[in-house]
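Below you'll find the structure, written out as structure tokens, and then a few comments.
In my numbering, the protein residues as written are 128 to 429.
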């Protein structure tokens, strides 16, 4: 249920409110990059929910894929890659994919980009050279088609289909009650296109502030999309942990290694899940060392 602020929609929600608006079989897109600005509090809430048969869209995949895969939530995965940066492959992703636990639609970054852009522009496809001459367009998960340029060059191109998304989940740094968001990190990645390609978007943010505090006159460049695209915002300090939300805090490489170790056995995953997934966000933050420890994380070396 939404409130109004002097005639304007109040989009404040909780993590549980957001997850309650999701349903089985949905296509859910996740913003961020691998270990940067992933909406991990929302990911963990989905993992401990009763949701099932999800199509997960994650061009720059990271631990959101691994956790949801290990939790049995994924029916289909649409992605370009899945890495933990310092660790080349998320081990839960590796194990579940090798086991054939879900259908896979794998793309290169250029094709994924074009698919999101087509959906964002409300087009059925965009022509692309990416994929030409590769086995990507021969995978059984999707029958790619080609188009011929109508101009004198006559070039044959891949018709990259739009990647349509029911719900986008992203993590940003600041927002007001109306859904004006600021993404302060160096690279906004594909988040804008993901939002525009989606029917609805929910955002976890480090801090809710007043509209005046956003200082849009000076910070407008950090506002990726108009508030009309944002369905709801939840204030979740450290909601991207263990991924980074630079400049607020950095990647927690020690915890990433703890997460990696949880793939060693079913017992290790059960132990990790009990301590870090099947708990509310406040308990999670306490279990990883507390807010002060997260704020003091050093900048990682890549």
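All residues carry an ideal CB built from backbone N, CA and C; glycine is no exception.
Output needed for residue i: all residues of its chain with C-beta closer than 6 Å, excluding positions within five of it in sequence on either side, in chain order.
i	result
residue 206	185 and 188
residue 272	286
residue 322	295, 328, 352 and 356
residue 292	154, 156, 184, 324 and 325
residue 171	404
Flag this pair as yes or no: are the beta carbons of residue i and residue j separated by less than 8 Å?
i	j	result
residue 357	residue 369	no
residue 295	residue 156	yes
residue 232	residue 202	no
residue 178	residue 211	no
residue 246	residue 289	yes
residue 162	residue 311	no
Need the endpoints of the alpha helix (DSSP H) that residue i sits in, please.
i	result
residue 402	393-403
residue 384	380-388
residue 173	167-174
residue 359	Here residue 359 belongs to no alpha helix (DSSP H); instead the beta strand (DSSP E) covers 359-362.
residue 220	218-225
residue 311	Here residue 311 belongs to no alpha helix (DSSP H), and DSSP marks it neither H nor E.
Taking the straight line between their C-alpha atoms, what separation do you get for residue i and residue j?
i	j	result
residue 128	residue 359	For residue 128, the predicted structure reports a pLDDT of 47, less than 50, and the residue's modelled location is therefore unreliable. A value from the coordinates is still provided. Their Cα atoms are separated by approximately 11 Å.
residue 154	residue 399	27 Å
residue 97	residue 423	Only positions 128 to 429 of the chain appear in the structure, and residue 97 is not among them; the question remains open.
residue 302	residue 401	31 Å
residue 396	residue 386	8 Å
residue 248	residue 392	44 Å
residue 140	residue 429	35 Å
residue 297	residue 283	36 Å
residue 222	residue 394	15 Å
residue 192	residue 220	6 Å
residue 240	residue 167	22 Å
residue 275	residue 269	20 Å
Sorted by chain position, which residues of the same chain lie with C-beta nearer than 7 Å to residue i's C-beta, five sequence neighbours on each side aside?
i	result
residue 174	194, 195, 198, 200 and 404
residue 341	301, 303, 307 and 309
residue 224	231
residue 374	311
Where does the unbroken beta strand (DSSP E) through residue i begin, and where does it stop?
i	result
residue 297	292-302
residue 155	154-157
residue 329	325-335
residue 182	181-188
residue 273	272-275
residue 230	230-233
residue 284	283-288
residue 201	201-209
residue 445	Residue 445 cannot be examined here, being either before or after the span of the chain that is shown, 128 to 429.
If contacts are defined as beta-carbon pairs under 8 Å, then residue i and residue j qualify, I think. What distance do you get, rounded to the angstrom?
i	j	result
residue 309	residue 346	6 Å
residue 234	residue 263	7 Å
residue 320	residue 244	6 Å
residue 408	residue 146	That belief does not hold up - the Cβ atoms of residue 408 and residue 146 are roughly 12 Å apart, past 8 Å.
Enumerate in chain order the residues of its own chain whose CB-to-CB distance from residue i is below 8 Å, with the five nearest sequence positions on each side excluded.
i	result
residue 332	298, 299, 300, 301, 302, 308, 360, 361, 362, 363 and 366
residue 160	187, 189, 314 and 316
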